[in-house]
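Reading through the structure tokens given below for one structure.
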Amino acid sequence: MPTTAWPRRAAALAAGMTVALALAPLPGRADPTAEPGPGTAAEQLEIVVEQYNNLREELRETQARAAAIHAEMVQLQRAIDTHRAEISQLAARAYRVGDVRSLSFLGALISMRNRDDLVDPLIILDRLTRERQRVVTGLTETYARLAAARDTVRTLAARQRSQERQLAARRLAIESELTRLGRSPRGDDRPAETAPPPAASAPGAANQAVRFAYAQLGTWYRWGGEGPDGYDCSGLTMAAWATAGIRLPHNAARQWRAVSRVSPAARIPGDLVFYYRDLHHVAIYVGHGKIIHAPGTGRRVRIDRVDYQPVHSYGRPG
6 MPTTAWPRRA
16 AALAAGMTVA
26 LALAPLPGRA
36 DPTAEPGPGT
46 AAEQLEIVVE
56 QYNNLREELR
66 ETQARAAAIH
76 AEMVQLQRAI
86 DTHRAEISQL
96 AARAYRVGDV
106 RSLSFLGALI
116 SMRNRDDLVD
126 PLIILDRLTR
136 ERQRVVTGLT
146 ETYARLAAAR
156 DTVRTLAARQ
166 RSQERQLAAR
176 RLAIESELTR
186 LGRSPRGDDR
196 PAETAPPPAA
206 SAPGAANQAV
216 RFAYAQLGTW
226 YRWGGEGPDG
236 YDCSGLTMAA
246 WATAGIRLPH
256 NAARQWRAVS
266 RVSPAARIPG
276 DLVFYYRDLH
286 HVAIYVGHGK
296 IIHAPGTGRR
306 VRIDRVDYQP
316 VHSYGRPG
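Take 6 as the starting number for the sequence shown in my numbering and just add one per residue.
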């Protein structure tokens with residue numbers, strides 16, 4: 006055998022061991038091989054889907070922050086206009102009394118258009134009365150805040166462009182993997198297990214989330230889906246709890262950080278069930294040891310045993 010083959014075989018063996026370790030059950034958890042579930046490739050695809058969802062949440066946060074800063078900039082510009090009007094009044098007063106020295110500084114302030122035009126405030130404040138100092142300080146500080154806000158917006162715009170590029174790359178990776186697997190979002194016609202929703206067995210909001218989940222049984226999995234025509238795992242739990250007025254992020258790991266921890270003994274219908282060490286899957290507990298979830302590409306929203314895959318933890322929204 007050529008010696009060059011050994012590095013390739015060693016790399017393949019290491020990769021196989023990495024996958025095996027990633028999929029190994031947690032101590033005290035269910036064995037993921039106990040019931041047929043998604044294959045390794047499909048499971049890895051779900052990880053990429055959740056990474057895509059996380060990037061979408063990051064982009065939403067960036068856009069929301071940029072919008073808030075733009076609104077702040079509008080208020081700052083209005084404050085600047087107010088300060089400029091006050092300084093114009095001071096300049097008119099200085100003109101009437103013949104205060105030529107103050108008038109020249111005030112005139113320079115009126116002509117300011119940005120922070121770069123700022124007259125040295127120490128020189129100005131040394132020559133102005135306390136009232137005038139207050140107005141000038143307000144103007145100069147507001148200009149500084151506006152300049153800082155503009156810098157932040159530029160930074161956020163660059164971040165948004167980077168996030169959009171990452172989203173496009175993740176989307177391409179997902180679609181390429183779907184093509185490689187030969188699957189489509191409508192690739193499995195096997196009927197999902199269905200059942201009527203139980204009588205109310207949880208507080209109002211949780212019961213509403215559970216009933217919504219039951220109503221989605223049989224709906225096709227769609228990566229990135231938030232409904233109503235398709236869901237991925239975190240999209241389904243997000244949509245279920247949204248009907249109860251609780252906003253969850255569209256990402257399993259982010260949902261885990263947004264909920265309160267619940268012990269297995271204290272779980273009730275409506276609680277979220279998180280799976281795997283890296284929290285790349287989430288379901289909604291519906292009681293009697295069962296969950297409703299969107300299991301993966303080519304499958305429908307369905308009922309499964311809560312331990313169909315290794316459980317990481319439980320969480321309660323609200």
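All residues carry an ideal CB built from backbone N, CA and C; glycine is no exception.
Cβ distance (whole Å) where residue i is taken to contact residue j below 8 Å
i, j, result
"His326", "Cys238", "Examination of residue 326 is not possible in this model, given that the chain is present from 6 through 323 alone."
"Leu277", "Val264", "6 Å"
"Thr184", "Ile74", "Their Cβ separation, rounded to whole angstroms, is 40 Å, which puts Thr184 and Ile74 out of contact at 8 Å."
"Arg176", "Tyr57", "7 Å"
"Ala154", "Met243", "Wrong, their Cβ atoms sit about 32 Å apart, outside the cutoff."
"Leu81", "Thr145", "Not confirmed; about 12 Å, so no contact."
Environment of residue i [buried if 16+ CB atoms lie within 10 Å]
i, result
"Gln260", "buried"
"Gln213", "buried"
"Ala17", "Only weak support is given to the placement of Ala17: the predicted model assigns it a pLDDT of 41, under 50, and the question is left unresolved by the model."
"Arg159", "exposed"
"Gly320", "buried"
"Glu180", "exposed"
"Gly33", "In this prediction, Gly33 scores a pLDDT of 32, lower than 50, which makes its location untrustworthy; the coordinate-derived value is nonetheless stated afterwards. So Gly33 ends up on the exposed side."
"Gln314", "buried"
"Gly303", "buried"
"Gly301", "buried"
"Ala149", "exposed"
"Pro322", "buried"
"Gly230", "buried"
"Ala96", "buried"
Beta-carbon spacing of residue i, residue j below 8 Å
i, j, result
"Val306", "Ile296", "no"
"Glu5", "Val140", "Given that the chain is displayed from residue 6 to residue 323, the structure contains no residue 5 and the question cannot be resolved."
"Tyr226", "Gly235", "yes"
"Leu161", "Arg70", "yes"
"Ile289", "Ala245", "yes"
"Gln221", "Leu241", "yes"
"Arg164", "Thr67", "yes"
"Arg61", "His255", "yes"
"Ile251", "Leu151", "no"
"Ala211", "Gly275", "yes"
"Phe2", "Ala257", "The shown model of the chain, from 6 to 323, leaves out residue 2, and the question about it has no answer."
"Val291", "Val215", "yes"
Residue nearest to residue i in terms of C-alpha spacing, selected from the options
i, options, result
"Asp309", "Ala218, Pro254, Ala270 and Gly250", "Ala218"
"Ala270", "Thr184, Arg155, Tyr57 and His293", "His293"
"Arg170", "Tyr281, Glu63 and Val291", "Glu63"
"Pro208", "Glu48, Ala249, Arg262 and Arg83", "Ala249"
Residue-chain proximity (residue i, chain B), Cβ-Cβ < 8 Å
i, result
"Gly275", "The chain inventory of the structure shown lacks chain B, comprising one protein chain alone."
(message) If we require 4 or more residues per run, which alpha helix (DSSP H) segments fall completely within the stretch 256-298?
(response) Annotation: the stretch 256-298 contains the following complete segments of the alpha helix (DSSP H) (minimum length 4 residues), in chain order: 257-263.
(message) If we require 3 or more residues per run, which beta strand (DSSP E) segments fall completely within the stretch 164-189?
(response) Taking 3 residues as the minimum length, the stretch 164-189 contains no beta strand (DSSP E) run wholly inside it.
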